[in-house]
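Step one of this worksheet: look at the structure below.
Numbering (the numbering used here), first residue to last: 156 to 579.
Okay, structure coming up:
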């Protein structure tokens, strides 16, 4: 019996989810580490062309989030996740064979849409497979596994990066495609419970409310820790401190270890709407604290600079872990069963927008206006965390009101997540 079959049928569902996350991360780690080098060094595309393709891919991810979320509601999270993993496998394999910039642009754009949709489908799948009280924990487990898998993927790509021949790069990209194919097989065998929704019973409207969508954008802004880690920190260390560039690798290592070891324990407060809302606000304060410490390192060198940079990275990572858990908790708890895919797709718009504009934003604010930019960013993060509180309260009350109205009009087709209590 194949590994995928054993994982999907014999293991407990969250084992298969963790295995899927590991395989996805392994492929993504290899692709992110060597992809750009392959496109520029081997295919001969310019940095500007690759940058344009990546920007278009990010925009496509933003545009595809809601339509693919609605597709989840139509055909189910498992089917959508399998289809998108297969699409990713085909597109990555295509990237290994194409030589035209325009074909590369199309494939990269479609891959961006499939990747974003796959993330939405994955969260909806976790909600289908795992009980309500364990969803955030399992999502945290898969994220820890994902970070470990990305690290392994990056290391696996290291020998290929040092080469100039096309063959090893093509083999690596095909290996990425195989990873996604395996994920599709593991996902296809997940035991998703069948949920029958009566058509004659009124259910909360599938269209997400304004407060819910705005909360998603605020949550996405609080996800700027991604751009700070990947863009701002390397540029800051090299351009604004007197430390060696190798310190960047140390800081990224600290981040990876902390995410793997703290994601699960620090996610336990985000199982309810009040807990996730509080966690989101706290994450803004913690990441803001990291910005303040980064600002203090301008012009410093030696041990003092390194110690402060490590301290700032620790704060940034703790904020990242708490913000991630809060976003899962709010997404799970504020999405009705009948329209979960569309709601999660709309909620993910903030994260998708961060992927598109975040790198440029932190570069302009933090690097070009240092150190004032760090303080401005810190203030914006704290403010965003505070703004999230009333938005979450209103979104929760609206979901409860819709569910009560549905029950009164013909029976409860679903039950709102009331275990956290009201947040008024």
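Glycine is no exception: its CB is placed at the ideal position from the N, C-alpha and C atoms. Remember, it's a predicted structure, so these values are computed and weren't measured experimentally.
Taking the alpha helix (DSSP H) that residue 316 belongs to, which residues open and close that run? As a working mapping, residue 316 is identified with position 161 in the chain shown. Here the alpha helix (DSSP H) through residue 316 covers 290 to 316.
Which same chain residues end up closer than 6 Å to residue 432 when comparing Cβ atoms and leaving out the 5 residues on each side of it in sequence? Counted from its first residue, the chain shown places residue 432 at position 277. Excluding sequence neighbours, residue 432 sits near 544, 547.
Spell out a yes or no on whether the segment 246 to 266 and the segment 318 to 334 are touching, meaning 3 or more CB-CB pairs, one atom from each, closer than 8 Å. yes
C-alpha gap between residue 404 and residue 188, whole angstroms: Here residue 404 refers to the residue found at position 249 when the chain shown is read from its first residue. Here residue 188 refers to the residue found at position 33 when the chain shown is read from its first residue. Whole-angstrom Cα-Cα distance: 14 Å.
Here's the rule I'm using: 16 or more other beta-carbon atoms within 10 Å means buried, otherwise exposed. How should residue 413 be labelled? Start at 1 with the first residue of the chain shown, and residue 413 comes out as number 258. Counting Cβ neighbours within 10 Å, residue 413 comes out buried, since at least 16 surround it.
Give me, in chain order, the residues of the same chain whose beta-carbon lies closer than 8 Å to that of residue 465; leave out the 5 immediate sequence neighbours on both sides. Taking the chain shown and counting its residues from 1, the one referred to as residue 465 is at position 310. Correct list, in chain order: 405, 406, 409.
Is the beta carbon of residue 381 less than 9 Å from the beta carbon of residue 521? The sequence position of residue 381 within the chain shown is 226, counting from 1. The sequence position of residue 521 within the chain shown is 366, counting from 1. No, they are not a contact pair.
Looking only at its chain, what residues have a beta carbon closer than 8 Å to the beta carbon of residue 514, apart from the 5 residues adjacent to it on each side? Position 359 of the chain shown holds residue 514. Correct list, in chain order: 382, 385, 386.
With a threshold of 7 Å on Cβ separation, who are the neighbours of residue 239 within its own chain once the five nearest residues in sequence on each side are excluded? Sequence index remark: in the chain shown, residue 239 carries index 84 (1-based). Within the same chain, residue 239 has close Cβ partners 269, 272, 273, 276.
Please report the straight-line C-alpha distance between residue 480 and residue 503, rounded to a whole angstrom. Indexing the chain shown from 1 puts residue 480 at position 325. Indexing the chain shown from 1 puts residue 503 at position 348. Their Cα atoms are separated by approximately 14 Å.
Look at the Cβ atom of residue 550, then the Cβ atom of residue 489, and state whether they are nearer than 9 Å. Taking the chain shown and counting its residues from 1, the one referred to as residue 550 is at position 395. Taking the chain shown and counting its residues from 1, the one referred to as residue 489 is at position 334. Yes, the pair counts as a contact, with Cβ atoms nearer than the cut-off.
Applying the 10 Å Cβ sphere with the 16-neighbour rule, what's the burial state of residue 523? Within the chain shown, residue 523 is the residue found at index 368, counting from 1. Exposed, since its Cβ has fewer than 16 Cβ neighbours within 10 Å.
Taking 7 Å as the limit between beta carbons, can you name the residues of its chain near residue 486, skipping five residues before and five after? Position 331 of the chain shown, counting from 1, holds the residue named residue 486. Correct list, in chain order: 278, 499, 502.
If I'm right that residue 580 touches residue 398 with Cβ under 8 Å, what's the distance once you round it to whole angstroms? Given a span of 156 to 579 for the chain in the structure shown, any question on residue 580 remains unanswerable.
Could you check which residue in 541, 559, 557 has the C-alpha nearest to that of residue 370? Residue mapping note: residue 370 aligns to position 215 of the chain shown, counting from 1. Of 541, 559, 557, the residue nearest in Cα terms is 541.
The alpha helix (DSSP H) with residue 225 in it runs from where to where? Indexing the chain shown from 1 puts residue 225 at position 70. Looking at the DSSP string, the run of the alpha helix (DSSP H) that includes residue 225 is 202 to 230.
Euclidean distance between Cα positions of residue 259 and residue 208: Translated into positions along the chain shown, residue 259 becomes position 104. Translated into positions along the chain shown, residue 208 becomes position 53. Each residue's alpha carbon lies about 8 Å from the other.
Less than 8 Å between C-beta atoms, sequence neighbours within five positions excluded: which residues of the same chain meet that for residue 374? If you number the chain shown from 1, residue 374 lands on position 219. These residues qualify, in order along the chain: 435, 478, 481, 482, 485, 502, 505, 506, 543.
Between the Cα of residue 538 and the Cα atoms of 442, 362, 316, which residue gives the shortest distance? Locating residue 538 in the chain shown gives position 383, where the first residue counts as 1. For residue 538, the nearest C-alpha among the options comes from 442.
Rounded separation between residue 289 and residue 168 - CA only: Here residue 289 refers to the residue found at position 134 when the chain shown is read from its first residue. Here residue 168 refers to the residue found at position 13 when the chain shown is read from its first residue. If I take the Cα positions, the gap works out to 12 Å.
Could you give the DSSP three-state label for residue 488: helix, strand or coil? Looking up residue 488 in the chain shown gives position 333. It is helical.
Pick helix, strand or coil for residue 174, following the three-state DSSP scheme. Your numbering for residue 174 matches position 19 in the chain shown. In the structure shown, residue 174 sits in a helix (DSSP, three-state: H, G or I).
Can you find the residues in the same chain that come closer than 8 Å, C-beta to C-beta, to residue 531, ignoring five residues on each side of it along the sequence? As a working mapping, residue 531 is identified with position 376 in the chain shown. If we look at residue 531 and ignore the five residues flanking it on each side, its Cβ neighbours are 520, 524.
From residue 203 to residue 253, what distance separates their C-alpha atoms? Position 48 of the chain shown, counting from 1, holds the residue named residue 203. Position 98 of the chain shown, counting from 1, holds the residue named residue 253. So the two alpha carbons sit approximately 18 Å from each other.
Roughly how many whole angstroms lie between the Cα atoms of residue 377 and residue 470? Locating residue 377 in the chain shown gives position 222, where the first residue counts as 1. Locating residue 470 in the chain shown gives position 315, where the first residue counts as 1. Answer to the nearest angstrom: the Cα atoms are 14 Å apart.
Can you give me the start and stop residues for the alpha helix (DSSP H) that residue 445 sits inside? Locating residue 445 in the chain shown gives position 290, where the first residue counts as 1. From DSSP, the alpha helix (DSSP H) with residue 445 extends over 428 to 451.
Within 10 angstroms of the Cβ of residue 495, are there 16 or more other Cβ atoms? Answer buried if so, exposed if not. Reading the chain shown from its first residue, position 340 is the one you call residue 495. By the 10 Å Cβ count, residue 495 comes out buried.
Straight-line CA distance for residue 200 to residue 214? Here residue 200 is taken as the residue at index 45 of the chain shown, counted from 1. Here residue 214 is taken as the residue at index 59 of the chain shown, counted from 1. If I take the Cα positions, the gap works out to 20 Å.
Residue 300, buried or exposed, once every other Cβ within 10 Å from all chains shown has been counted against 16: Locating residue 300 in the chain shown gives position 145, counting from the first residue. With 16 or more Cβ atoms within 10 Å of its Cβ, residue 300 is classed as buried.
Cβ neighbour criterion (16 or more within 10 Å) applied to residue 593: With the chain covering only 156 through 579, there is no way to say anything about residue 593.
Inter-residue spacing [alpha-carbon to alpha-carbon] between residue 281 and residue 528: Within the chain shown, the letter at position 126 stands for residue 281. Within the chain shown, the letter at position 373 stands for residue 528. Going by the C-alpha atoms only, they are around 38 Å apart.
For residue 475, which of 450, 417, 176, 448 has the nearest alpha-carbon? Here residue 475 refers to the residue found at position 320 when the chain shown is read from its first residue. Nearest C-alpha to residue 475: 417.
Residue 249 in three-state terms, based on DSSP: Position 94 of the chain shown, counting from 1, holds the residue named residue 249. Of the three classes helix, strand and coil, the one that applies to residue 249 here is helix, per DSSP.
Tell me which same chain residues have a C-beta within less than 8 Å of the C-beta of residue 456, skipping the five on either side of it? Along the chain shown, one-based indexing puts residue 456 at 301. Closer than 8 Å at Cβ, skipping near neighbours: 396, 397, 398.
Taking 6 Å as the limit between beta carbons, can you name the residues of its chain near residue 262, skipping five residues before and five after? On the chain shown, position 107 is the one that residue 262 refers to. Cβ within range, chain order: 246, 249, 250.
If you drop the 5 nearest sequence neighbours on each side, which residues of the same chain put their C-beta closer than 7 Å to that of residue 438? Reading the chain shown from its first residue, position 283 is the one you call residue 438. Excluding residues within five positions, the ones whose Cβ falls inside 7 Å are 377, 474, 477, 478, 481, 540.
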